[in-house]
Amino acid sequence: MSVQDRFNPQSTDIFVASSPKTGTTWLKALTFAILTRSRLSGSTTSSLLAKMPHDCVPFLEFQLSDQNPSNRDLAIPLLSTHVPYSCLPKSIISSSCKIIYICRDAKDAFVSLWYFLAKMQRSDNVEPLPLEEAFELFCNGIANYGPYWDHVLGYWRASLEFPEKILFLTYEEMKKDTATHVKKLAEFMGCSFTLEEEEGGGVQKIISMCSFEELSSLEVNKNAEHRTPGISSPIQNSVFFRKGEIGDWANHLTPEMGARLDDIMEKKLKGSGLKLPR
Ligand code: PAP
């Protein structure tokens, strides 16, 4: 409500938007690395080596909820949000700022979310919700940013209506062909790779720097903590890097649970033209 009332984007702002646990950390790292790459030419150090991606790209609903400009680096027009499209501040919809949305197979998103929340609950000395109970809630659309399908559909429909403003991506497609997506991201953000950069391995450098293996092995992401305003306990950065794989749901949900969530998603997305990878 605070950002709905008070937040005004710069017209050049770019938002990384997502439902939790669908690839936000990776997309933040990639967009940050792409946008800041010209600053790096000649030097090998990126802030990504010293700060976890969430500390490079602030969240609208946490770090910017009091519209404190000191919470953002105005020279880097990257912001992020988990807020559903229908609840975004009107100022974001009407401005010429851009949005890059990422989503993921619902089963993997759920499992990732359950692990994340269980870790947070344990660090708050709260008994984690059993997986089966959490699954029931997720299937009934009870989640902290609203039903998963509504989140995805909100941004999907908006991306069809405003394709120049909203780029819609999936974690699975990005994993399968990261290079094409890195180039697409650069183009969408208005900083395409030059032929010289491409031939010099610029795209590959960014892919490697932002890979799960590379990021998760950095000291800052292994041993430091991340503090989110409004959330009492600090979160270990390592919690944001669990497995980074497609299809890990099958190690945690029964085939029946998987089929049930697939069925729900299929019904909810029917007629939208969107088919999420499974
Ligand atoms: P957030 O909403 O709390 O920011 P988010 O980054 O969206 O979380 O999702 C975390 C998932 O992305 C984790 O998936 P998993 O639980 O299935 O393993 C995490 O491992 C994965 N992830 C983090 N960094 C990367 C990366 N560089 N490449 C691919 N996947 C990643």
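Numbering-wise (UniProt numbering), the sequence shown opens with residue 1 and increments by one. The beta carbon of each residue, even a glycine, is placed where N, CA and C say it ideally should be. Please read all numbers here as calculations on a predicted model, not as lab measurements.
query: Whole-number beta carbon distance between Y101 and S18, since they are thought to touch under 8 Å; result: 7 Å
query: Opposing strand residues paired with H226 [DSSP bridges]; result: I235
query: Exposure label - E266; buried when at least 16 CB within 10 Å; result: exposed
query: Local Cβ density within 10 Å of S38, reported as buried at 16 or more and exposed below that; result: exposed
query: Contacts around L131, its chain only, beta-carbon distance under 7 Å, and the 5 residues preceding and following it disregarded; result: W114 and H252
query: Distance between P53 and G200 (C-alpha atoms, nearest Å); result: 25 Å
query: Contact test: K176 Cβ vs the ligand HEM heavy atom, cutoff 6 Å; result: With respect to the ligand HEM, the structure offers nothing, as its ligand set consists of the ligand PAP.
query: Spatial distance of L129 from C191 (CA atoms); result: 44 Å
query: Three or more C-beta pairs below 8 Å linking the segment 131 to 143 and the segment 232 to 245; result: no
query: Bridge-paired residues (DSSP) for A17; result: T81 and Y101
query: DSSP three-state assignment for T170, whether helix, strand or coil; result: strand
query: Residue environment, M1, which counts as buried when at least 16 other CB atoms sit within 10 Å; result: exposed
query: Nonlocal neighbours in the same chain, by C-beta distance under 8 Å from K275, ignoring five residues either side; result: L269
query: heavy atom of the ligand PAP below 6 Å from K268 C-beta; result: no
query: Spatial neighbours of K222 in its chain, beta-carbon cut-off 6 Å, leaving aside the 5 residues before and after; result: S238
query: Closest residue to R278 among K176, C210, L185 and S208 (Cα-Cα distance); result: K176
query: Burial state of G42, where buried means 16 or more other Cβ atoms lie within 10 Å; result: Low local confidence applies: a pLDDT of 49 at G42 is under 50, so the model's placement there is unreliable, with the coordinate-based value given in what follows. Exposed, since its Cβ has fewer than 16 Cβ neighbours within 10 Å.
query: Below-7 Å beta-carbon distance, S217 vs any chain C residue; result: Given the protein chain composition of this structure (a single chain), no chain C is represented.
query: Buried versus exposed call for R72 [16 or more other C-beta atoms within 10 Å across all chains shown]; result: buried
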